[in-house]
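Student: Under the numbering used here, the residue at position 378 of the sequence shown is numbered 383, and the numbers go up by one with no gaps. Glycine is no exception: its CB is placed at the ideal position from the N, C-alpha and C atoms.
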Amino acid sequence: MYHKELARLLLATGTGLLTAALVGCAASPTQSREPAAVQAAWVKAGPHPQVRAVVAAGTQCPTLHIDGQSRNMVLRVQAGTAAARPTAASPSKPSVFDVGVCEADLRAGARTIRIGDRALAPIKEGPTRIIVLGDTGCRISATTAQPCNDTAKWPFAQVAARAAAMAPDLVIHVGDYHYRESPCPAQLPGCAGSAWGYGWDSWKADFFDPAAPLLAAAPWVFLRGNHEECMRAGQGWFRLLAPEPYAARRSCDDPANDDEADYSDPYAVSLGRTSQLIVFDSSRAGYRPLVKGNSRDELTRSRYVSQLRAVTALAAAPNLHSWFASHHPVLAFAPDPAHPGSAFPGNAALQQTLREVNGEAYFAPGVQLALHGHVHWFEAIGFASGHVPTLVAGNGGDDVDIDLPISNGSPAPGAQMAQITQSNTFGFLLLQRDSVDQNKWALTAFRVDGSVLTRCELPEGGALRCDPSGWVR
Numbered sequence: 006m007y008h009k010e011l012a013r014l015l016l017a018t019g020t021g022l023l024t025a026a027l028v029g030c031a032a033s034p035t036q037s038r039e040p041a042a043v044q045a046a047w048v049k050a051g052p053h054p055q056v057r058a059v060v061a062a063g064t065q066c067p068t069l070h071i072d073g074q075s076r077n078m079v080l081r082v083q084a085g086t087a088a089a090r091p092t093a094a095s096p097s098k099p100s101v102f103d104v105g106v107c108e109a110d111l112r113a114g115a116r117t118i119r120i121g122d123r124a125l126a127p128i129k130e131g132p133t134r135i136i137v138l139g140d141t142g143c144r145i146s147a148t149t150a151q152p153c154n155d156t157a158k159w160p161f162a163q164v165a166a167r168a169a170a171m172a173p174d175l176v177i178h179v180g181d182y183h184y185r186e187s188p189c190p191a192q193l194p195g196c197a198g199s200a201w202g203y204g205w206d207s208w209k210a211d212f213f214d215p216a217a218p219l220l221a222a223a224p225w226v227f228l229r230g231n232h233e234e235c236m237r238a239g240q241g242w243f244r245l246l247a248p249e250p251y252a253a254r255r256s257c258d259d260p261a262n263d264d265e266a267d268y269s270d271p272y273a274v275s276l277g278r279t280s281q282l283i284v285f286d287s288s289r290a291g292y293r294p295l296v297k298g299n300s301r302d303e304l305t306r307s308r309y310v311s312q313l314r315a316v317t318a319l320a321a322a323p324n325l326h327s328w329f330a331s332h333h334p335v336l337a338f339a340p341d342p343a344h345p346g347s348a349f350p351g352n353a354a355l356q357q358t359l360r361e362v363n364g365e366a367y368f369a370p371g372v373q374l375a376l377h378g379h380v381h382w383f384e385a386i387g388f389a390s391g392h393v394p395t396l397v398a399g400n401g402g403d404d405v406d407i408d409l410p411i412s413n414g415s416p417a418p419g420a421q422m423a424q425i426t427q428s429n430t431f432g433f434l435l436l437q438r439d440s441v442d443q444n445k446w447a448l449t450a451f452r453v454d455g456s457v458l459t460r461c462e463l464p465e466g467g468a469l470r471c472d473p474s475g476w477v478r
């Protein structure tokens, strides 16, 4: 009950008590080697389930206890200062990771998982309660600074605690964990003292500390966002969250390898006997159309077409309903940075490459739902044209986008909307499987305080119905 108690404490007394609780509940030396050195721990679902832990520099990986059996975790990557490289931020500094990252493979069917006194939730076959959230970090860049010290204006800690208290079986984060790229401006006390840059101190402040109760409450699926591309927080992404084994050529340390490290193969995560989640790395999608003859765009087109063919093959698995998840929305709307007050439809790069693979259906047969972030709204869109319903959960903590109600229009050629429900309120989503029809799901969108923003139904066959319909606040 460790994670539920942490959630209760945080909701009652704020983030300060969470930090104290985490420090105070270190494991006893008889249960784990160097347990007090464990700074974060979580279960990663798919494609190769693992337990991971972050430990202080110079300490051994901890002992992992699974169903009462002990085993030693192994070092994924040691502590050190990542190689200096060009980044998207100015000023920039070397990324210091004064922590090691440990990992251990997790066998199917594990019932209890502990690192010392720290309990982690096992992977449940056929999850029935799934939290979806994204774009959770606190934005500090050369042009804007979010008041990270104000929990009303950066509420990710409350979002994580509230979601943990709902006892989910799985958490899907749709990308963008890290936003503290620049120093807090001296004239803005709301972010005074904030860590910045791409090292562990920023990752800890932006994600691991506020996410702690939710990391303990359920296994996670981590999507990569554009903030985790190599020019930004990619070094931390590969050390901490990336699903594949750590390798120097895919570490983002050497810019010469970015054309490999900025693209990752899709993979599927089981959601039970009848459904699966297909994860696609869209971190380099941008928002502009891919231009023929542009070498970088040609590379993106080639990689995405190849990887989307792999998605189509995964979705062709017999007797499985598939959800497609990418950070960038395919069939949704976003504010147009070039034209304030107006929106642009979908993501041009993904639409181009999906159309090349699947025509104007965009998604492969078998895909019944699309999950995304990137746009700092909640959106739920159903289509009269038979296109895959879309959910956007980019309202987890970073500055929400401006009020921009959309009542008509098409997010892509051939896609005709039947219903759109939106809000730029901070919050998160809960998808709950029907107890009788395993392919029927109910969606509840929550505000930070746990009040209901709206409810939707996603019956088998993909017809999305929300109540109330339209712009919600």
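(1) Got a sec? Which residues, its chain only, sit under 7 Å from G351 by beta carbon, not counting five neighbours each side?
(2) For the alpha helix (DSSP H) holding P215, just list the boundary residues, first then last.
(3) Enumerated in chain order, which unbroken segments of the beta strand (DSSP E) with a length of 3 residues or greater are wholly contained in the stretch 219–269?
(4) Express the C-alpha separation of A348 and V310 in angstroms, rounding to a whole number.
(5) Give every residue of the same chain whose Cβ lies closer than 6 Å to the Cβ of V274, excluding the five residues on either side of it in the sequence, and list them in chain order.
(6) Out of V380, I407 and E265, state which residue places its alpha-carbon closest to the alpha-carbon of T395.
(7) Indicate the three-state DSSP secondary structure (helix, strand or coil) for G364 in the structure shown.
(8) From what residue to what residue does the beta strand (DSSP E) around V480 run?
(9) Determine the DSSP secondary structure at Y292, reduced to helix, strand or coil.
(10) Going by DSSP in three states, P350 sits in which element: helix, strand or coil?
(11) One question on the structure: do G432 and F451 come within less than 7 Å of each other, judged by their Cβ atoms?
(12) When DSSP labels each residue in this structure, what does P152 get in the three-state scheme?
(13) For A200, which of Q65, R123, A253 and S146 has the nearest alpha-carbon?
(14) First and last residue of the beta strand (DSSP E) that includes L434?
(15) Out of curiosity, what's the CA-to-CA distance linking I118 and A169?
(16) Please list the terminal residues of the continuous alpha helix (DSSP H) segment that includes V316.
(17) Rounded to whole angstroms, what is the Cα-Cα separation between L359 and D181?
(18) Would V164 and G401 qualify as a contact pair, given that the criterion is a beta-carbon distance under 7 Å?
(19) From the DSSP output, in three-state form, read off V453 for me.
(20) Return helix, strand or coil for Q163, following the three-state DSSP convention.
(21) Enumerate in chain order the residues of its own chain whose CB-to-CB distance from G29 is below 8 Å, with the five nearest sequence positions on each side excluded.
(22) Starting from H377, follow its DSSP beta bridges and name the residues at the other end.
(23) Pairing CB atoms from the stretch 383–390 with CB atoms from the stretch 121–138, are three or more of them under 8 Å?
(24) In the DSSP output, which residue or residues are listed as bridge partners for T68?
(25) When DSSP labels each residue in this structure, what does W506 get in the three-state scheme?
(26) Please report how far the alpha carbon of G139 lies from the alpha carbon of R167, in whole angstroms.
(27) Can you tell which of V101, V79, L304 and R134 has its C-alpha closest to the C-alpha of L435?
(28) Work out the CA separation of R244 and V106 for me, nearest whole Å.
(29) With a threshold of 6 Å (Cβ to nearest heavy atom), would C153 be considered close to the ligand NAD?
(30) For P410, which of Q312, P340 and L463 has the nearest alpha-carbon?
(31) Let me confirm a value: C471 is counted as buried when at least 16 other C-beta atoms fall within 10 Å, else exposed. Which label applies?
(32) With DSSP run on the structure shown, which of helix, strand or coil describes T92?
(33) Could you check whether G204 and S100 sit closer than 7 Å to each other, using their CB atoms as the reference points?
(34) Could you give the first and the last residue of the continuous beta strand (DSSP E) run that contains S275?
(35) Using DSSP with H/G/I as helix, E/B as strand and the rest coil, what is L359?
(36) Nearest by alpha-carbon distance to W159: which of D403, N444, A420 and L448 is it?
Tutor: For this structure:
(1) For the purposes of this step, residue 351 is taken as residue 346 along the sequence shown, with counting starting at 1. Excluding sequence neighbours, G351 sits near P334, V335, L336, A337, P416 and A417.
(2) Reading the sequence shown from its first residue, position 210 is the one you call residue 215. Boundaries of the alpha helix (DSSP H) harbouring P215: D214 to A222, taken from the DSSP string.
(3) DSSP runs (the beta strand (DSSP E)) wholly in the stretch 219–269: 225–227.
(4) If you number the sequence shown from 1, residue 310 lands on position 305. If you number the sequence shown from 1, residue 348 lands on position 343. The alpha-carbon atoms of V310 and A348 are separated by roughly 26 Å.
(5) Reading the sequence shown from its first residue, position 269 is the one you call residue 274. Same-chain partners within the cutoff: A50, G51, V226 and L282.
(6) Position 390 of the sequence shown, counted from the start, is the residue given in the question as residue 395. Per the Cα distances, V380.
(7) Your numbering for residue 364 matches position 359 in the sequence shown. It is helical.
(8) Outside the displayed span of the chain (6 to 478) sits residue 480, for which this structure offers no information.
(9) Working through the sequence shown from its first residue, we reach residue 292 at position 287. Of the three classes helix, strand and coil, the one that applies to Y292 here is coil, per DSSP.
(10) The residue labelled residue 350 in the question sits at position 345 within the sequence shown. Looking at P350 - three-state DSSP - the assignment turns out to be strand.
(11) Within the sequence shown, the letter at position 427 stands for residue 432. Within the sequence shown, the letter at position 446 stands for residue 451. In this structure, F451 lies closer than 7 Å to G432 by Cβ.
(12) Sequence index remark: in the sequence shown, residue 152 carries index 147 (1-based). Reduced to three states, the DSSP call for P152 is coil.
(13) Counting from 1 along the sequence shown, the entry for residue 200 is found at position 195. Nearest C-alpha to A200: S146.
(14) Residue numbering aside, residue 434 sits at position 429 when the sequence shown is read from its first letter. Per DSSP, L434 belongs to the beta strand (DSSP E) from G432 to R438.
(15) The residue given as residue 118 occupies position 113 in the sequence shown. The residue given as residue 169 occupies position 164 in the sequence shown. Those two C-alpha atoms are separated by around 17 Å.
(16) Within the sequence shown, the letter at position 311 stands for residue 316. S300 to A320 is the extent of the alpha helix (DSSP H) around V316.
(17) For the purposes of this step, residue 359 is taken as the residue at position 354 of the sequence shown. For the purposes of this step, residue 181 is taken as the residue at position 176 of the sequence shown. Approximately 22 Å, taken between the alpha carbons.
(18) For the purposes of this step, residue 164 is identified with residue 159 of the sequence shown, where counting begins at 1. For the purposes of this step, residue 401 is identified with residue 396 of the sequence shown, where counting begins at 1. Yes, they are a contact pair.
(19) On the sequence shown, residue 453 is found 448 positions in, with the first residue counted as 1. It is coil, neither helix nor strand.
(20) As a position in the sequence shown, residue 163 is number 158, starting the count at 1. Q163: helix per DSSP, three-state reduction.
(21) Along the sequence shown, read from residue 1 onward, the residue named residue 29 stands at position 24. In this prediction, G29 scores a pLDDT of 32, lower than 50, which makes its location untrustworthy; the coordinate-derived value is nonetheless stated afterwards. Excluding the 5 residues flanking it on each side, G29 has no same chain C-beta neighbour closer than 8 Å.
(22) Mapped onto the sequence shown, residue 377 falls at position 372. Answer by DSSP bridge pairing, in chain order: V397.
(23) no
(24) Counted from its first residue, the sequence shown places residue 68 at position 63. Beta-bridge pairing links T68 to N77.
(25) Residue coverage of the chain in this structure runs from 6 to 478, which leaves residue 506 outside it and unanswerable.
(26) Here the question's residue 139 lines up with position 134 in the sequence shown. Here the question's residue 167 lines up with position 162 in the sequence shown. Their backbone Cα atoms lie some 15 Å apart in a straight line.
(27) Residue numbering aside, residue 435 sits at position 430 when the sequence shown is read from its first letter. With distances taken between Cα atoms, L435 lies closest to R134.
(28) The residue you call residue 106 lines up with position 101 of the sequence shown. The residue you call residue 244 lines up with position 239 of the sequence shown. Rounded to whole angstroms, V106 to R244 spans 7 Å at the Cα level.
(29) Questions concerning the ligand NAD fall outside what the structure shown contains, since it holds no ligand whatsoever.
(30) The count along the sequence shown starts at 1 and reaches residue 410 at position 405. Nearest option by C-alpha distance: P340.
(31) For the purposes of this step, residue 471 is identified with residue 466 of the sequence shown, where counting begins at 1. Buried, since its Cβ has 16 or more Cβ neighbours within 10 Å.
(32) Numbered from 1 along the sequence shown, position 87 holds the residue referred to as residue 92. Looking at T92 - three-state DSSP - the assignment turns out to be coil, as it is neither helix nor strand.
(33) Here residue 100 is taken as the residue at index 95 of the sequence shown, counted from 1. Here residue 204 is taken as the residue at index 199 of the sequence shown, counted from 1. Yes, they are a contact pair.
(34) For the purposes of this step, residue 275 is taken as the residue at position 270 of the sequence shown. Start and end: Y272 to S275.
(35) Against the sequence shown, residue 359 aligns to sequence position 354. In this structure, L359 counts as helix in the three-state DSSP scheme.
(36) Numbered from 1 along the sequence shown, position 154 holds the residue referred to as residue 159. Taking only the C-alpha atoms, the option nearest W159 is D403.
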